[in-house]
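Residue numbers (the numbering used here): 1 to 299.
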């Protein structure tokens, strides 16, 4: 198997594992506080990040050395908050609709890159952003009953994630990828541990196994994602992340009995199309980072 083919297999496997992780998150988030679940996930993720840092060139000390400490710590805190919001959205709004809205994140990143990063966005990407947001409105449009305010959760999750992605781009200008990965885990774990113990809950024996599975999927998924970025262009890996929407939708429908309305299906297709176009245009402009970055809601 060629390195490129191996990278594609790694990317597809990582996306599949992250989809399973979302399904487990919905189950646990329905029965336990999302802050507590996130803390458990982050403890495992931080251990994984430290292990990778220790094995990197220069070891743990080199990985922890940063030119942008406040920015790196902020990134970790932002992602921790986003994970809490994502689990809450999965548990209340549903997997399919939440992930469909999360897929608008590349559009938000392109939008925010103008005032924050000072990047130029051409008319083609502006068109894609507008069209993509029309898709989001379709996803949000209720087909039965009134507007459900709970859909604000996945919207908030997408916005928070876009700020995480933007700060990751900023950090990559001064720090190597391993430093950003290290602070994503360690700073996020430290931040969520300030709140998590107040929500401490005892798992049932079965859910203890699910929690262990949730931590394991996070670590294995991230390892495969890192390997994929080593072997395949970032734009290809990022594009494959949209497969997660399909897989998560299957899990939501088949396991949790979620239903798909016409507006949500059409809106999702529009958002995915606009997002793929935006990723493609950013790659042509040379703005796609080769550093691994987690999909929305995943650690």
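By construction, the Cβ of each residue, glycine as well, lies at the ideal position given by its N, Cα and C atoms.
Helix, strand or coil at residue i according to DSSP, with G and I counted as helix
i	result
residue 83	helix
residue 194	coil
residue 94	coil
residue 264	helix
residue 256	coil
residue 104	coil
residue 1	coil
residue 26	helix
residue 242	coil
residue 127	helix
residue 43	helix
residue 68	coil
residue 183	helix
residue 273	helix
residue 32	coil
residue 118	coil
residue 201	coil
residue 74	helix
residue 56	coil
Beta carbon of residue i nearer than 9 Å to that of residue j
i	j	result
residue 132	residue 87	no
residue 258	residue 94	yes
residue 151	residue 101	yes
residue 41	residue 218	yes
residue 264	residue 78	no
residue 235	residue 280	yes
residue 232	residue 11	yes
residue 71	residue 167	yes
residue 92	residue 153	yes
residue 177	residue 39	no
residue 114	residue 121	yes
residue 67	residue 267	no
residue 182	residue 52	yes
residue 247	residue 84	no
residue 277	residue 169	no
From the options, residue whose alpha carbon lies closest to that of residue i
i	options	result
residue 44	192, 284, 258, 268	192
residue 197	6, 141, 32, 1	32
residue 256	107, 262, 96	96
residue 271	127, 116, 64	127
residue 275	20, 40, 91, 105	105
residue 251	3, 136, 14, 24	24
residue 5	268, 228, 273	228
residue 210	3, 1, 37	37
residue 99	249, 253, 69	249
residue 13	296, 241, 273, 277	241
residue 65	179, 56, 215	179
residue 296	117, 162, 214, 61	162
residue 171	117, 26, 199	117
Length of the line joining the Cα atoms of residue i and residue j
i	j	result
residue 22	residue 221	12 Å
residue 8	residue 244	14 Å
residue 203	residue 164	30 Å
residue 81	residue 112	19 Å
residue 63	residue 19	29 Å
residue 187	residue 76	5 Å
residue 49	residue 185	6 Å
residue 17	residue 224	10 Å
residue 254	residue 239	25 Å
residue 149	residue 73	31 Å
residue 190	residue 69	14 Å
residue 136	residue 273	12 Å
residue 1	residue 230	15 Å
residue 103	residue 89	14 Å
residue 57	residue 174	17 Å
Any non-hydrogen atom of the ligand COA closer than 8 Å to residue i Cβ
i	result
residue 224	For the ligand COA, the structure offers nothing, since it holds no ligand at all.
Span of the alpha helix (DSSP H) around residue i
i	result
residue 207	205-231
residue 164	152-172
residue 64	59-64
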